[in-house]
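Colleague: The sequence shown begins at 180 in my numbering and counts up one residue at a time.
Using N, Cα and C, we set each Cβ at its ideal position, and we do this for glycine too.
Here it is, the structure, as structure tokens.
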Amino acid sequence: MPESKIHNLFPTPLWVVDFEKDVFTSVNQEIESGLETLIESRPEVPSGGTLQTDTDLYEFEEFAEIAALIGTSVKGALDFLSIKEPFEITGMWANINPVGGVNTPHTHPNNYLSGVYYVRTDDGSDQIFFADPRPPASVVSPPVEEDNIYTGNEASVEAKIGRLIMFPAWLTHGVPANRSGKDRISISFNIMFPAFGDRMSKPKWSPTLQLQRTSHS
Ligand SMILES: [Fe+2]
């Protein structure tokens, strides 16, 4: 057999950042006490539902530490992608999944990156899943002797305390029902480029035909 090489075209990056215990312990304490202050009385959550805060937590002092960790992680991801543009957190909110709570598959429109940081998970509430963004790829799905990244159409990643997971905002993801006996708490966030509207969204190409402008007096 001649040697063959695999070229992985258009891969989808998923960044997994595990903070040291002495870092995440204090960050999580800050978050939990911040949430206690924020949520004075907990509203009734419908069966299977999730309690979510407003999306401006990055503006609160109690969430400054996690916002800083998110910023550092995003910087690393953008460096990896060779993107040097300034970025901003456009949304940051807490998710509290009670027992039975789910997050149905979704994307985060109008952002470049999205992610989630885990404050409290347990056996039975420690997964996040991602769907293959190439629906045609699973039209023919032959049986395989061993699961692999080329033939699967869904991937689960362990959601453990102190872990930050980041991915393209268009990547469909969701959270299975919380089957542990306790709340599952996470902080979600979105990242976008503030210069996108006024500078970055312009076409990358130059026209081959330059039209003469008609001047109006
Ligand atoms: Fe999400």
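Less than 7 Å separating the beta-carbons of Ile370 and Tyr291?
Modeller: Yes, the pair counts as a contact, with Cβ atoms nearer than the cut-off.
Colleague: According to DSSP, is Glu240 part of a helix, a strand, or is it coil?
Modeller: Helix, per DSSP.
Colleague: Evaluate Arg363 with the Cβ neighbour count: other Cβ atoms within 10 Å of its Cβ, from every protein chain shown; 16 or more gives buried, anything less gives exposed.
Modeller: Classification for Arg363: buried.
Colleague: For the beta strand (DSSP E) containing Ile210, list its first residue and its last residue.
Modeller: First-last for Ile210: 200–217, but that is the alpha helix (DSSP H), not the beta strand (DSSP E).
Colleague: To the nearest angstrom, how far is it from the Cα of Gly213 to the Cα of Ala374?
Modeller: Spanning the two alpha carbons is a distance of roughly 31 Å.
Colleague: Would you mind working out which of Pro284, Arg342, Leu260 sits nearest Asn207, comparing C-alpha positions?
Modeller: Comparing Cα positions, the closest option is Arg342.
Colleague: Would the beta-carbon of Asn332 fall within 7 Å of that of Asp311?
Modeller: Contact flag set, yes.
Colleague: Starting from the N-terminal side, write out each stretch of the alpha helix (DSSP H) that is 4 residues or longer and does not extend beyond the region 243–325.
Modeller: Segments of the alpha helix (DSSP H) lying fully in the region 243–325: 243–259.
Colleague: Please list, in chain order, all residues with a C-beta atom less than 7 Å from at least one heavy atom of ligand 1.
Modeller: After applying the 7 Å Cβ criterion, the set is Asn282, His285, His287, Ser293, Val295, His352, Ser367.
Colleague: Considering Asp197, what are the terminal residues of the beta strand (DSSP E) in which it resides?
Modeller: Note, Asp197: beta strand (DSSP E), 194–197.
Colleague: Between the region 239–250 and the region 265–278, can you find at least three pairs of beta-carbon atoms closer than 8 Å?
Modeller: As far as the Cβ criterion goes, the region 265–278 touches the region 239–250, which means the pair count is three or higher.
Colleague: Below 7 Å CB to CB, which residues in the same chain sit around Gly228 once its five sequence neighbours on both sides are set aside?
Modeller: Correct list, in chain order: Gly280.
Colleague: Report buried or exposed for Ser205, applying the criterion of at least 16 other Cβ atoms within 10 angstroms of its Cβ.
Modeller: Exposed: under 16 other Cβ atoms inside 10 Å.
Colleague: Thinking Pro284 and Thr351 are a contact (beta carbons under 8 Å), I'd like their distance in whole angstroms, please.
Modeller: Going by Cβ atoms, the distance from Pro284 to Thr351 rounds to 5 Å, so yes, they are a contact pair.
Colleague: Buried or exposed for Tyr237, going by 16 or more other Cβ atoms inside 10 Å?
Modeller: Tyr237 is buried by the Cβ-count criterion.
Colleague: What do you reckon, are the CB atoms on Gly294 and Phe372 nearer than 7 Å?
Modeller: No. Outside cutoff.
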